[in-house]
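In what follows, a single structure is set out as structure tokens and then discussed.
There are 2 protein chains.
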Amino acid sequence: MTTVAYLGPRGTFTEQAVLDFTAAGHIPADANLVTVTSPGAALDLVRSGDADLACVALESSVDGPVTQTFDALATGEPLQILREHDVPVAFSILIRPGTQLEDIRSIATHPVAEAQIRGWLAEHLPEVGFVPATSNGAAAAAVAAGEADAAAAPARAGVLNDLEPLAEQVADIKDARTRFVLVGRPQSPPARTGHDRTCVVLRVPNQPASLVMALMELATRRVDMSRIESRPTRERAGTYDFHVEIVGHLEDAAVAEALAGLHRYCDKVRYLGSWPQEGWIGGVSGLEGSVPPDYASSREWVRELRRGGRNG
Amino acid sequence: MTTVAYLGPRGTFTEQAVLDFTAAGHIPADANLVTVTSPGAALDLVRSGDADLACVALESSVDGPVTQTFDALATGEPLQILREHDVPVAFSILIRPGTQLEDIRSIATHPVAEAQIRGWLAEHLPEVGFVPATSNGAAAAAVAAGEADAAAAPARAGVLNDLEPLAEQVADIKDARTRFVLVGRPQSPPARTGHDRTCVVLRVPNQPASLVMALMELATRRVDMSRIESRPTRERAGTYDFHVEIVGHLEDAAVAEALAGLHRYCDKVRYLGSWPQEGWIGGVSGLEGSVPPDYASSREWVRELRRGGRNG
């Protein structure tokens, strides 16, 4: 039976992603679900073989990359991203039945959630005290336990904790989404769809302009990037690895050639997977639907030259 | 009188940075200190004129950039980074006098602190429960109030809250440091020292390879980068600005020429300041002490050609 590890408790956005991945057939309906307390812990269960898949948050459309996840993917035994899914991030303000707006003195939220509803709170609950919680699910549980008067959490956390919504779809920035990914052990990536992403971690040589030289491996092949972050190596202050997300699939000839070029040029390249794009399409260039060029005709031209055939 | 805003309460690492900046003469000894609850709030007090300077965390040698700070610098009225200072990040485990190790059931910490002492806790307090706090100073205050048995916080937070250290210099990663900066309203930057940093936020054109083209403005002038991050614009999912840190000063000819090139090429450039390097020196190339080249002789050659002088 397939075992899937995710950040719990139940009622988090991560659990919503697990449910959606299951509905889409990427997690078997009879899978054994295991909750853990951090993205890194979920990935470690896959590394140890105690889980087959981990469902972890990768990126927020508002707050950017989830660095805990990226750092955990970049070190330790290699793992591979297999699928992505975007979950709309809107909060319900959850209360115990019967609580009135004027009775609310404290609100439990995860700090990331608090940042996303600050404007709403300032308008509707200007005097409320903020009780930090370790997850959105834990925030709802704290209200059920009487430790706070209200929680900002996914609607489902209210159902699970017998709470009522005082307000729904609360979010300062409209259409905020969080991207979750399914991660497994190294394997052949899912089939190319023509709208795919590839992610790698680069350690560039100890030379001036080395990052630009590495990125030229992509640019000369017209392979578009969708994100780049420098992350501390944790080995020495001031040394960084680069997390680069590419538009395209390992089976795209241009991407394959660019990755081989990066492997030649960089001191270290870690492949984090190729998988179908599902949610928002972030190309650095902002060009939606940017796809790697087709190499067939240029390669055929070279083959013709080798055969002594037509030169044109 | 100078007013300085910083993330409180007293006893945070940010307060330590304020004390150190004061000892170094960058904050007047008689300054009026105002505590706020986030880096963004500190910066907004400078924008509104209610404070002259904000002291905010910019980057951790372990966890990378403080995205709250960068996002707050990238939007709103422009502000300017004037000085940096690195604070060693080591925690004291603080208890009420008389508490024994075996009595500790709960420990209050800021979530970022918890991540940095997880190994120590697993070894010495494997069964302890984690009470999230909004700051290291608040964690110590929670112990003083009896809301937790211990706190992980700077030593000074123990002094301020009448707590005793059970252990000192606790940190899973040795030599971890956090970089703080002093931020003011736009002004001429502090004088060039020859070992300086410059920071800009770029919005690159909507074209393939545009990020590489922008970075070539630096590379062709042998100007080294020390960090790069894509950050969501928050205007549309999948669109990003780039935060780039450069080795050198606005008064370096090479940096000035590169910045002018970026201004020509990019859709938008926000200058975040030039200031003396103090702490760890992060060049992407890993070359410590990398400095922009001197342009004097090449410019003199061009002037000579214009005068019809020697060509060599």
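Chains S and B are the protein sequences, given in the same order.
Residue 311 is where the first sequence ends in numbering that gives the first Met the number 0, and the numbering goes up by one at each step.
Residue 311 is where the second sequence ends in numbering that gives the first Met the number 0, and the numbering goes up by one at each step.
All C-beta atoms, glycine included, are put in the ideal place defined by N, C-alpha and C.
Quick caveat: nothing in here was measured; it's all calculated off a predicted structure.
Within the model, the alpha-carbon separation for residue 247(B) versus residue 221(B) is close to 11 Å. In the displayed model, residue 212(B) falls within a helix according to three-state DSSP. In the same chain as residue 77(B), and ignoring 5 residues on each side of it, the C-beta atoms closer than 6 Å to its own belong to 185, in chain order.
Taking CB atoms only, residue 228(B) has a neighbour in chain S less than 8 Å away. Scanning chain S for C-beta atoms nearer than 8 Å to the C-beta of residue 172(B) yields 233, reported in chain order. Of all residues in the stretch 48-64 of chain S, only 59, 60, 61, 62, 63 place a beta-carbon less than 8 Å from a beta-carbon of chain B. Straight across, the Cα-Cα distance linking residue 100(B) with residue 165(B) is about 8 Å. Closest in C-alpha terms to residue 157(S), from the list 94(S), 122(S), 172(S), 194(S), comes 94(S). Membership of residue 128(B) in any alpha helix (DSSP H) is not indicated; the residue belongs instead to the beta strand (DSSP E) covering 128-131. At a cut-off of 8 Å, the C-beta of residue 214(S) has a neighbouring C-beta in chain B.
With respect to the 8 Å criterion, residue 55(B) and residue 74(B) are not classified as neighbours on the basis of their beta carbons.
For residue 294(S), there are no C-beta contacts with chain B under 8 Å, since the nearest C-beta of that chain is about 16 Å from it. Residue contact check for residue 207(B) against chain S: a CB pair falls below 8 Å.
Look at the beta carbons and you see the stretch 15-32 of chain B not touching the stretch 298-306 of chain S: under three pairs across the two are nearer than 8 Å. For residue 6(S), no CB of chain B lies under 8 Å from its own CB, so it is not counted at the interface with that chain. Three or more beta-carbon pairs drawn from the stretch 166-182 of chain B and the stretch 81-90 of chain B are found closer than 8 Å, and the two stretches are therefore classed as touching.
Residue 38(S) carries a helical assignment under DSSP once its states are collapsed to helix, strand and coil.
Interface with chain S (8 Å Cβ-Cβ cutoff): residue 221(B) is included. For residue 242(B), the enclosing beta strand (DSSP E) covers residues 239-246. Within chain S, no residue has its CB atom less than 8 Å from the CB of residue 28(B), the nearest being about 30 Å off.
DSSP places residue 45(B) in the helix class (H, G or I) of the three-state scheme.
Here the alpha carbons of residue 103(S) and residue 62(S) stand approximately 28 Å from one another. The continuous alpha helix (DSSP H) containing residue 110(B) extends over residues 110-115.
If you draw a 10 Å sphere on the C-beta of residue 215(S), you find 16 or more other C-beta atoms in it, and that means buried.
The stretch 136-186 of chain S contains, as complete alpha helix (DSSP H) runs of 4+ residues, the segments 154-159 (chain order).
Interface criterion not met: the Cβ of residue 120(B) is under 8 Å from no Cβ in chain S. If you look at residue 1(S), you'll find it isn't in any beta strand (DSSP E); DSSP assigns it neither H nor E.
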